[in-house]
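What follows is a short report on a single structure.
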Amino acid sequence: MDEGKRTRLKAAGIDVDGALERFMGSDVLLERFLKKFLEDDNCMALRTALDAGDREGAVTASHNLKGVCGNLSMTELFDLFTRQVQMLREGNEAGAAGLMPAITQSYDLVSQAIRESFE
Amino acid sequence: MKAASRRRKRIFRHVWTNLLILLAFLVIGAACYHVLRIDLLKNAKTLGTSLAKSYAAEERNNLTVYETLITFGTEAIDWQLQEESDSEDVQLWISMYFQRLHDVLGVGTVDPYAVLNGRIFAANPWEGMEDYDVSDAVWYRGALAADGNVIFTNVYADGVNGAPVITVAQKCRNSDAVLAFDIFLEDFQLHSNVLDLPEGASFYLCDTEGNLIYLQTPVSDDQDELDAYVKKLQSQIQVGELEKYNAYFIDLGGRKRSVYYSNMPNGWLSIITVPHETILQELEQATAVFVVAFLFSLLSVGFLTWREILLSVRMERTNETVTVLGNSYYALYRVDVRRGTYEIIKGSEEAKQILPVQGRYQDLVHMAGDVMEEAAYQEYMEDFSLTNVQKLVEQGVREFGGDFRRRFGTEYRWVNMCILFDETLGEGEAVLSFREVDREKRRQLEERKLLENALESSRQSEKTKQAFFSNMSHDMRTPLNAIIGLTDVAKKHVQEPERVRDYLEKITDSGRQLLGLINDILDMSRLEQGKVVLDDRQFDLKACIESCAAPFRIQAEEEGKHFCTGFEIRNTVVLGDPFRISQIMNNLLSNAFKFTQKGDTVVVEVKQLSFQDQVKYRIVVRDTGLGMSKEFLPQIFEPYARETRFSAGQVMGTGLGMPIVKNLVGQMSGQIQVESELGKGTTFTVELPFQSAEQEEHPCGGTMDNPISLEGRHILLAEDNAVNMEIATEILAMNGMKVTQAWDGLEAVEYFATSLPHTFDAILMDIQMPKLDGCTATLKIRALDRSDAATIPIIAVTANAFAEDVAATAAAGMDAHISKPIDFAALCCTLGRLIGKAGKD
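Protein chains in written order, with the working numbering: chain A, 1 to 119; chain B, 1 to 841.
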């Protein structure tokens with residue numbers, strides 16, 4: 001992976017080194033997984049669930065995202081979703097919804113960086 | 001902005017209206033002035049002309065006297081000449097006649113003379129009279145030309161003394177004799193009967209050439225100036241320039257004057273001039289008043305406009321504020337309590353559809369009641385009935401209302417309904433307001449619940465504290481009694497060193513026990529006050545826990561219990577407070593030993609959970625001892641609580657151990673979880689995050705031997721998320737494993753159930769999955785009737801590393817727990833270990 005992509009992804013909050021370590025140093029895999037991340041529809045599901053006040057749905061979606069982001073070493077998103085899952089589990093739906101602007105921003109940043117890097 | 005421009009437009013409209021009205025006044029005023037002026041001038045002309053006529057008439061009368069006298073004279077002379085009287089007689093008669101004239105008119109008024117046969121006879125003969133050639137005289141020629149009619153000459157200078165004089169002359173009808181009177185102007189008789197002239201007016205009488213015969217004027221005293229002035233005046237009259245009512249003549253003082261005149265039969269002119277200001281004085285005064293009034297009105301309009309702008313700005317701001325305030329209400333009504341009517345100011349959606357803008361109050365109340373929760377309906381119908389509202393008005397209540405839940409579409413939300421009475425409103429009028437207060441109300445209810453809970457828990461805590469102190473005093477009395485009792489006994493046996501040593505040892509034990517109790521109490525109170533400060537430093541976690549475990553190993557041997565420790569950690573050196581870790585371990589282990597008996601097992605397992613750059617450690621202390629009742633479990637971490645059944649005799653302790661542990665774990669940002677069953681034992685799971693203080697040494701950590709090869713192993717992978725599925729599949733495949741993908745728990749169970757035994761070497765189970773979650777799937781798999789159902793390693797893979805999640809996976813029968821993000825090194829390590837173990841089993 002060239003330095004430009006690496007910097008761009010890092011700037012968007014992806015711990016590229018950590019992710020590469022997880023994928024046994026394979027750039028190809030990382031790229032494949034990151035592209036796959038763009039297809040993941042959990043973020044939409046999360047928003048819909050929160051809007052509809054569907055706590056179960058929100059927990060599921062947020063939890064899924066937490067897992068995916070963790071696996072892809074998207075540090076910032078991982079932290080946000082970790083907090084959100086915790087809040088949802090504690091029944092603090094308002095707090096969880098309150099994280100959405102930060103999540104959306106971070107999510108968009110990551111998505112954009114991936115698109116710019118690989119498309 | 002729109003409102004502001006609307007406001008400006010409205011004000012400008014007002015200003016324009018006012019100005020137009022004023023302008024109309026001005027036009028009407030000007031028109032009135034004009035009409036009045038014309039009227040006044042016309043009136044003045046009529047008056048002045050008639051005045052001039054009357055002066056002329058009077059003058060005419062005077063002249064008639066002269067005419068009569070002269071005609072009498074000529075008639076008499078004519079008669080005498082006819083009678084052939086001799087010249088002497090005629091002359092004598094003439095003298096007599098002159099004498100009589102003097103008698104009638106007074107001496108010097110007229111100077112009569114006669115021309116008879118070419119000779120002049122004068123009443124007052126003058127020098128050179130004999131040589132005077134009458135044929136050249138104007139009056140003589142005039143008289144001859146008039147042939148018997150009386151003539152008046154114009155003013156001319158008297159041949160003798162040069163004074164201005166007029167001559168009246170008449171020729172005898174039947175002879176050439178001419179009779180004439182000189183009338184000197186200074187003696188001109190007119191002033192006898194002059195009518196009063198208007199203020200500042202002048203009267204002039206002049207002959208056909210404009211010579212002044214008589215005047216009465218305030219204009220000037222200078223005779224020459226006046227002569228020229230009147231000549232000019234007369235010439236303008238002659239050409240008709242001053243005929244119109246509004247014509248004027250500038251006098252010597254530069255003032256405008258109206259001029260009125262009348263022609264006398266002998267061609268003389270009677271002229272009256274009146275200054276304009278005399279005629280128009282009152283009009284001018286009225287005009288001045290009008291102008292002042294107009295200016296005042298103009299100023300008033302200006303002032304009012306300015307005030308209106310100020311007021312309107314203020315009004316607009318007030319309006320805006322009121323609108324904003326009003327917007328917080330979804331419905332507002334004006335209610336006339338006396339008449340029992342309402343008026344919609346701002347209607348709710350329902351009201352807009354159902355109710356007219358004005359109507360009966362009852363209808364409004366019913367409409368609002370229809371969307372109200374049932375619980376509040378009855379009370380509402382009573383409180384807001386017309387009679388009750390009227391009563392409120394009578395009692396002078398200013399505000400009355402309350403909160404209830406109202407239906408909006410299909411959902412109920414809290415609203416506040418309030419009826420407001422105020423002096424601003426008309427008597428008997430009120431404002432009925434509806435405002436949504438759902439969020440406030442919910443928060444209020446929540447706060448209230450919190451308060452109630454806090455009160456309850458503080459009461460509870462107070463109670464348990466009291467119970468604790470009564471227990472504690474008992475607990476503390478026991479060792480203290482022992483010390484005192486043993487001391488007494490020892491005193492009696494001072495001579496027996498063996499016994500004394502035994503007593504002293506027992507005293508020491510009791511003392512230590514007491515010290516332990518007191519230490520616990522002090523610790524707890526410090527923790528509760530938040531006074532415990534963690535002293536983070538680098539230390540070897542494994543060594544620390546081993547050293548804590550060492551004394552218990554000895555105790556286990558002594559008490560015939562099995563005690564073992566297991567470590568699965570890569571980074572043994574961490575940043576943390578080793579003293580507090582020891583405290584936690586001591587409490588957990590002493591607790592475990594306290595509630596186990598001979599033959600029971602106590603196990604300590606420490607495992608490292610990777611978590612980004614933070615490292616989490618899970619410490620599990622499990623025993624097969626007495627266990628605790630389900631009822632007590634929730635209270636185990638509450639200070640001062642102790643299950644009574646354990647306190648009797650056999651167990652000593654404050655019951656503070658677990659609260660201290662809980663507190664410490666909390667301070668270290670960790671979690672603690674307990675599971676227990678009466679008679680089966682207890683498991684405490686503590687998870688603590690530590691900052692890793694050293695580089696990873698090798699993936700499989702401390703005590704584990706290198707696991708068996710994973711090459712060719714078949715893994716059943718249950719994962720519902722596509723990305724995670726792909727990642728896990730890819731990595732496992734790269735490590736030489738074969739992967740079967742199951743997209744939910746149900747699929748996983750089906751794949752496993754339908755496969756031949758030992759097809760799969762291990763199962764990686766996501767916990768949260770649709771259809772069937774990981775825990776349930778595991779339970780189902782474990783419950784299958786096949787040889788590998790109980791032994792196949794099942795590893796939980798979840799994004800939640802909370803103690804309760806981990807505990808749940810363990811409870812479901814899973815062998816290990818890997819948290820997301822997946823540390824594949826750790827995963828492979830665990831897989832290797834578990835597969836190896838399953839193989840051996």
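Even glycine gets a Cβ: it sits at the ideal position worked out from N, Cα and C.
In this text the structure is predicted, and so the values were computed from the model without any measurement.
Asked                                                                                                                                    : Found
8 Å contact criterion, which Ile-213 of chain B and Leu-233 of chain B should meet: CB distance rounded                                  : The pair is not a contact, with the Cβ atoms about 14 Å apart (cut-off 8 Å).
First and last residue of the uninterrupted alpha helix (DSSP H) at His-366 of chain B                                                   : 361 to 370
CB contact flag (Asp-720 of chain B, Asp-766 of chain B, <8 Å)                                                                           : yes
Chain A contact for Met-704 of chain B (CB, 8 Å cutoff)                                                                                  : Per-residue confidence for Met-704 of chain B stands at a pLDDT of 43, beneath the threshold of 50, marking its modelled position as unreliable; the derived number appears in the next sentence. With 8 Å as the cut-off, Met-704 of chain B does not count as an interface residue toward chain A.
Within chain B, the residues that Leu-29 of chain A reaches when beta carbons sit closer than 7 Å                                        : Glu-730
Start-to-end residues for the alpha helix (DSSP H) that takes in His-276 of chain B                                                      : 276 to 327
Neighbourhood of Tyr-380 of chain B by C-beta distance below 7 Å, restricted to the same chain and skipping five residues each side      : Gly-369, Met-372 and Phe-404
DSSP-derived helix/strand/coil call for His-758 of chain B                                                                               : coil
Endpoints, alpha helix (DSSP H) assigned at His-63 of chain A                                                                            : 55 to 71
Assigned secondary structure, Asn-586 of chain B (DSSP; H/G/I helix, E/B strand, else coil)                                              : helix
Own chain partners of Ala-113 of chain A with C-beta closer than 6 Å, once the 5 adjacent residues on each side are dropped              : Arg-8, Leu-9 and Ala-12
Cβ-based burial, Ile-619 of chain B [other Cβ within 10 Å; buried from 16]                                                               : buried
Run of the beta strand (DSSP E) containing Pro-634 of chain B, from where it starts to where it stops                                    : First-last for Pro-634 of chain B: undefined, no H or E at that position.
Through-space distance from Gln-216 of chain B to Ser-95 of chain B, alpha-carbon basis                                                  : 36 Å
Ile-518 of chain B and Ile-483 of chain B closer than 8 Å at C-beta                                                                      : no
Residue range of the alpha helix (DSSP H) that includes Arg-32 of chain A                                                                : 27 to 39
Integer Cβ distance of Lys-346 of chain B from Tyr-329 of chain B, believed to fall under 8 Å                                            : 7 Å
For Gly-671 of chain B, the first and last residue of its enclosing beta strand (DSSP E)                                                 : In the sequence on display, residue 671 of chain B carries Gln and not Gly. Looking at the DSSP string, the run of the beta strand (DSSP E) that includes Gln-671 of chain B is 671 to 677.
Span separating the alpha-carbon of Ala-97 of chain A from that of Leu-50 of chain A                                                     : 6 Å
Alpha-carbon spacing of Ser-62 of chain A relative to Ala-777 of chain B, whole angstroms                                                : 22 Å
Beta-carbon contacts of Leu-304 of chain B that lie in its chain and below 8 Å, excluding the five residues immediately before and after : Asn-18
The region 566 to 580 of chain B in contact with the region 775 to 794 of chain B per 3-pair CB rule at 8 Å                              : no
Whole beta strand (DSSP E) elements within the region 81 to 150 of chain B, 3-residue minimum                                            : 110 to 116 and 119 to 122
Residue from B:Val-661, B:Ala-762, B:Leu-678 and B:Glu-677 whose Cα sits closest to the Cα of Val-686 of chain B                         : B:Val-661
Continuous alpha helix (DSSP H) stretch holding Glu-557 of chain B: start and end                                                        : 541 to 559
Where Asp-17 of chain A sits in the DSSP three-state scheme                                                                              : helix
Minimum Cβ-Cβ distance from Phe-637 of chain B to chain A less than 8 Å                                                                  : no
Limits of the unbroken beta strand (DSSP E) element including Phe-408 of chain B                                                         : 399 to 408
Backbone CA spacing between His-698 of chain B and Asp-79 of chain A [nearest angstrom]                                                  : Reliability fails at His-698 of chain B, whose pLDDT of 42 lies under 50, so the model's placement of it is uncertain and the value that follows must be treated cautiously. In a straight line, the C-alpha of His-698 of chain B is about 27 Å away from that of Asp-79 of chain A.
DSSP state of Gln-495 of chain B mapped onto helix, strand, coil                                                                         : coil
Candidates B:Cys-828, B:Thr-830, B:Glu-675 and B:Leu-710, of which the one nearest Ala-810 of chain B by Cα                              : B:Glu-675
Where Leu-420 of chain B sits in the DSSP three-state scheme                                                                             : strand
Segment contact flag, the region 15 to 33 of chain B with the region 281 to 297 of chain B, C-beta cutoff 8 Å, min 3 pairs               : yes
Neighbour flag for Gln-768 of chain B against chain A, beta carbons, 8 Å                                                                 : yes
Beta-carbon gap between Val-90 of chain B and Gln-80 of chain B smaller than 8 Å                                                         : yes
Interface partners of Glu-726 of chain B on chain A, CB under 8 Å                                                                        : Arg-32, Phe-33 and Lys-36
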